[in-house]
Every structure is written in structure tokens, then in C-alpha cells.
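Just so it is clear: in the sequence shown, position 305 is 305 by full-length UniProt numbering, and no numbers are missing.
Just so it is clear, CB atoms sit at the ideal spot from N, CA and C, and this is done for glycine as well.
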Amino acid sequence: MKVKYQGNARVQRAQLQTLRRDFELLEMRPGETVNDYFGRVMVVSNDMRNCGEDMPDVKIVEKILRTLTEKEAIPKRSQWCASKKLQLIHDDICEPITPSSNNPCSFEEAAVEEKWRKAMDCEMESIEKNGTWQLTSLPVGAKKIGVKWVFKTKLNENGEVDKYKARLVAKGGKKLLIVSLYVDDLIFTGNDIYMFEKFKNSMKDEFEMTDLGRMKYFLAKRVLRYLKGTVSLGLFYKRGDATELVAYTDSDYAGDINDRRSTSVSWASKKQPVVTLSTTEAKFVAAASCACQCVWMQKILEQLGCLQRQPTTILCDNCSTIKLSKNPVLHGRSKHIDVRFHFLRDLTKKEVVRLVHCGTKEQVADIMTKPLKLDVFIKLREELGVCEVPLGLN
């Protein structure tokens with residue numbers, strides 16, 4: 001959906017209005033933990049505070065307690081420790097959680113060990129100190145809400161036990177609408193079609209907007225899928241290996257169908273600032289950009305005590321580009337190229353960099369410019385130093 005705002009103040013008012021609706025519509029999802037639900041409520045609450053809304057903690061707590069499941073019971077009172085007169089848990093509402101390591105799954109399991117009793121004492125002291133809840137009689141017609149203990153063993157960076165943490169959290173969950181706002185774009189999802197329509201109609205009543213239908217492309221999904229498939233990969237640096245700086249440069253040609261600019265690849269993929277008239281010219285511009293990065297890297301390495309006396313090798317798979325960087329006779333074919341890109345010729349003449357031809361199959365930069373067969377992709381990925389990390393080093 002496209003929302004048309006004008007002016008920063010109006011944008012902020014619109015964002016705040018959306019956040020207020022988000023806050024009112026927030027409810028737990030089926031199967032969602034209270035920790036996760038509490039986190040989502042706090043995200044919306046903090047965003048509202050950033051927009052100038054007065055959001056006292058008591059309002060947030062009331063919201064959480066009001067929107068939990070209907071079937072839960074209010075915690076019954078019992079004593080589990082002499083230092084505590086209140087015990088906010090009972091068999092009929094104690095819900096087991098997925099065990100992690102040796103963490104207890106219930107109050108009964110935790111109460112047996114002193115370390116968990118101390119952790120629960122600390123949690124109760126924190127609740128009482130912050131005035132999080134108040135014990136009161138259940139009003140007539142009010143819905144009951146249950147709570148449960150969640151136990152977690154916290155580890156330090158060495159994998160050793162740092163502390164034992166116990167949290168008393170509310171339970172429950174029903175339906176939910178999630179709204180993501182970026183400048184003037186809205187993306188929303190949830191588990192209730194009626195809520196979708198109600199939300200869209202309320203937004204159309206308030207703002208001028210266009211419904212673009214179901215989302216067909218979302219970059220974050222592709223990024224997450226990529227990360228999921230590469231969690232076992234890492235960069236390998238071999239001790240005592242050669243420290244010579246070597247670069248690969250490449251580009252596509254007129255890859256952007258809107259402005260027909262090419263994309264350079266060296267240390268990163270970046271669209272070129274000019275429109276080129278041939279593949280040779282596109283790769284010449286890419287090589288010039290790569291040469292500038294090489295000069296910068298040489299200075300960085302020099303400051304780190306790694307002085308390279310030989311020219312930095314830049315590997316390129318286009319012979320005409322290499323000739324153009326060395327031979328001024330080709331000036332007639334390149335006089336229209338921006339002067340700044342001829343900086344490459346100057347660096348080549350001074351032997352700061354050296355352009356060397358490499359075959360297409362050895363062009364590592366291809367992995368950044370075009371789709372490849374799996375075996376070629378894996379080969380070039382290994383050339384970059386990316387490899388499977390041994391299990392013990394994960």
C-alpha cells in the first residue's frame with residue numbers, strides 16, 4: 001500500500017496514528033511465547049515514545065495483560081520460600097517450555113535446586129521493586145490471565161555459566177496484525193483476513209493511498225535465505241602465505257534497463273556513474289575504479305608495515321581494456337571518456353598498478369556480475385578464500 005504524506009510533521013503524525021492503531025490491535029499469536037509478545041509490544045511502544053507519545057509503563061503492562069488468552073487463570077497464592085509470602089504460579093497454569101541445556105521446564109523442577117530458587121527470588125524482588133503488578137480481586141466479568149516461570153542458563157563468551165535467570169511471564173495468544181512502515185510504504189501481514197480488511201479501510205479513510213495487492217518480492221526474504229545457506233562458511237587466511245596485493249576487476253554492460261549504466265566489480269559491486277558505449281569502455285571504467293581502491297589499500301598496508309614494492313596486479317579478462325590503459329594510440333576510441341578515468345593510464349605508466357589478462361574461467365569477479373553454474377560458482381567462491389568451516393571452529 002502506498003501512503004502519500006507531505007512534510008515531516010505530517011509524516012510523524014501519520015506514523016503516530018499508525019502506531020496507535022498497531023498498539024490497539026496487538027494480540028498474541030497462537031503458540032507465541034510471552035517473551036516474544038512482550039518484545040513486539042515494546043517495539044511499538046518505544047516507536048510511539050520516539051514520536052512524542054506519552055507511554056507510561058503501566059499502560060504497556062495493562063495492554064499485555066488485557067490481550068492474553070481468555071482461558072488462562074489468575075495465579076493462585078502459595079508459599080515456596082520462607083522469604084516470599086507470594087507465589088505466582090500453580091500446577092493448573094504452569095506450562096512446560098522447550099528445555100535448553102539443563103534448564104528446568106517447570107516451577108516444581110526449579111524449586112528443588114537452590115540456584116533456581118535464588119534466581120526466582122531475584123525476579124520477585126525486581127517485580128516488587130518496579131511495581132510491575134499489583135494483587136487485586138478479580139472484577140466481575142473480567143478475563144483471567146495465567147503466568148509461568150521461564151528459566152534460562154546464561155553463558156559468558158567462554159561458554160561458562162555466567163548466571164541463572166528466572167522470569168515470571170504472562171501466557172496466552174490469539175490473532176495478530178503486523179504492520180511495517182518505511183517512509184511512505186506499508187507492508188502488513190497477520191492471521192486474520194477480516195482484520196486485514198478492517199485495517200485497509202481505516203487507512204483509506206484517513207489517508208490517500210493505493211492498494212498494490214499481495215507482495216511479490218521482498219529483499220529481506222532473499223537475504224535470510226542466503227544467510228541460512230551460508231552459516232557454515234567462513235574466510236580462510238593461511239599463515240605464511242604470500243602478502244602481495246592482487247585485484248580482480250570486471251563489469252557487465254548496460255545491465256540497468258532503466259538508464260543503461262553498467263555495474264563495476266572490484267572490492268564491491270557498484271553502478272557506474274556514466275553510460276558507456278562498449279564493453280571495453282565499461283571494463284575500462286571498472287578498472288579505473290579498481291585502481292583507485294588499490295592505491296588506497298597500498299597506503300593502508302604500508303601503515304600496517306606491509307610495504308609492497310612491486311606494482312599491484314589487476315586481473316582483467318578484456319584485452320582491449322588492457323591495451324587502452326597502456327597505449328595512447330587508441331586515444332581516438334576513448335577521447336569521449338571522462339578524464340578522471342584516464343587516471344588509470346597514469347598509474348599504469350608510473351607502475352603503481354599493472355593490468356594483466358586472465359581467462360574468463362579464472363575471472364573471480366564473475367561471481368559478482370552474472371549467474372553461474374553451481375560448479376563454477378563453488379570454484380570461484382573458493383578462489384575468494386571462502387570455505388567450509390570445520391565443525392569444531394563454528
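Let me confirm a value: W116 is counted as buried when at least 16 other C-beta atoms fall within 10 Å, else exposed. Which label applies?
For the purposes of this step, residue 116 is identified with residue 116 of the sequence shown, where counting begins at 1. By the neighbour-count rule (16 or more Cβ atoms within 10 Å), W116 is buried.
D121 lies in the alpha helix (DSSP H); which residues open and close that run?
In the sequence shown, the residue the question calls residue 121 occupies position 121. D121 -> alpha helix (DSSP H) spans E114 to N130.
Out of L19, L347 and D375, which has the shortest C-alpha to C-alpha gap to S180?
Taking the sequence shown and counting its residues from 1, the one referred to as residue 180 is at position 180. Out of L19, L347 and D375, L19 has the C-alpha closest to the C-alpha of S180.
Indicate the three-state DSSP secondary structure (helix, strand or coil) for R261 in the structure shown.
Taking the sequence shown and counting its residues from 1, one reaches residue 261 at position 261. R261: coil per DSSP, three-state reduction.
Kindly list the residues whose CB is nearer than 8 Å to the CB of R260, restricted to its own chain and excluding five residues on each side of it in sequence; keep chain order.
As a first step, residue 260 is located in the sequence shown; it is residue number 260 there, counting from the start. The answer, listed in chain order, is A254 and V275.
I'd like the span of the beta strand (DSSP E) that includes L307, first residue to last.
Translated into the one-based positions of the sequence shown, residue 307 becomes position 307. Run containing L307: none; DSSP gives neither H nor E here.
Taking the runs of the beta strand (DSSP E) that are 3 residues or longer, which of them lie wholly in the stretch 206-251?
233-235 and 246-248
Taking its Cβ as the centre, do 16 or more other Cβ atoms sit within 10 Å of K283, making it buried, or is it exposed?
As a position in the sequence shown, residue 283 is number 283, starting the count at 1. Classification for K283: buried.
Would S266 pass as a contact of T279 if the rule is Cβ separation under 7 Å?
Counted from its first residue, the sequence shown places residue 266 at position 266. Counted from its first residue, the sequence shown places residue 279 at position 279. Not a contact, by the Cβ cut-off of 7 Å.
Could you check where the alpha helix (DSSP H) with C319 kicks off and where it finishes?
Here residue 319 is taken as the residue at index 319 of the sequence shown, counted from 1. First-last of the alpha helix (DSSP H) with C319: C319 to K326.
From which residue to which residue does the beta strand (DSSP E) around V356 run?
Start at 1 with the first residue of the sequence shown, and residue 356 comes out as number 356. That run of the beta strand (DSSP E) goes V353 to H357.
Determine whether the Cβ of V376 lies closer than 7 Å to any Cβ atom of chain B.
Structure shown: chain B not included; a single protein chain is present.
Please report the distance separating the alpha-carbon of G305 from that of T243.
Indexing the sequence shown from 1 puts residue 305 at position 305. Indexing the sequence shown from 1 puts residue 243 at position 243. Cα to Cα, the separation comes out at about 11 Å.
From L235 to R309, what distance separates their C-alpha atoms?
Here residue 235 refers to the residue found at position 235 when the sequence shown is read from its first residue. Here residue 309 refers to the residue found at position 309 when the sequence shown is read from its first residue. Going by the C-alpha atoms only, they are around 26 Å apart.
Shortest alpha-carbon distance to residue 395 belongs to which of L347, L227, E27 and A142?
Outside the shown range of the chain, which is 1 to 394, sits residue 395, and nothing can be said about it.
Nearest to L245 by CA position, among D162, R40 and I314, is which residue?
Within the sequence shown, residue 245 is the residue found at index 245, counting from 1. Here the closest residue by C-alpha is I314.
Would you mind reading off the limits of the alpha helix (DSSP H) that contains K154?
Taking the first residue of the sequence shown as position 1, residue 154 is located at position 154. Looking at the DSSP string, K154 is not in any alpha helix (DSSP H); the run it does join, the beta strand (DSSP E), is V147 to L155.
What residue range does the beta strand (DSSP E) around K271 cover?
Counting from one through the sequence shown, the residue named residue 271 turns up at place 271. Looking at the DSSP string, the run of the beta strand (DSSP E) that includes K271 is S269 to K271.
DSSP on T280, reduced to helix/strand/coil?
For this step, residue 280 is matched to residue 280 along the sequence shown. Note: T280 maps to helix in three-state DSSP.
Hey, would you say P311 sits closer than 7 Å to E351, going by beta carbons?
Counted from its first residue, the sequence shown places residue 311 at position 311. Counted from its first residue, the sequence shown places residue 351 at position 351. Closer than 7 Å, so yes.
Does DSSP put G39 in a helix, in a strand, or in coil?
Translated into the one-based positions of the sequence shown, residue 39 becomes position 39. Correct three-state label for G39: helix.
Exposed or buried, what is V44 when buried is set at 16 or more other beta-carbons lying within 10 Å of its beta-carbon?
Counting from 1 along the sequence shown, the entry for residue 44 is found at position 44. So V44 ends up on the buried side.
Which residues bound the alpha helix (DSSP H) around K349?
One-based indexing of the sequence shown puts residue 349 at position 349. Element bounds for K349: F343 to K349.
Quick check: the stretch 321-328 against the stretch 355-373, are at least 3 beta-carbon pairs closer than 8 Å?
yes
Is E62 helix, strand or coil by DSSP?
The residue you call residue 62 lines up with position 62 of the sequence shown. Looking at E62 - three-state DSSP - the assignment turns out to be helix.
Thinking just about the alpha-carbon of each residue, which of N258, R49, T33 and R29 is nearest to the one in L16?
Within the sequence shown, the letter at position 16 stands for residue 16. The option with the nearest alpha carbon to L16 is R49.
Specify the secondary structure class of R167 as computed by DSSP and reduced to three states.
Here residue 167 corresponds to residue number 167 of the sequence shown, with the count starting at 1. Strand.
May I ask you to report which of helix, strand or coil DSSP gives T18?
Walking along the sequence shown from the start, residue 18 turns up at place 18. Looking at T18 - three-state DSSP - the assignment turns out to be helix.
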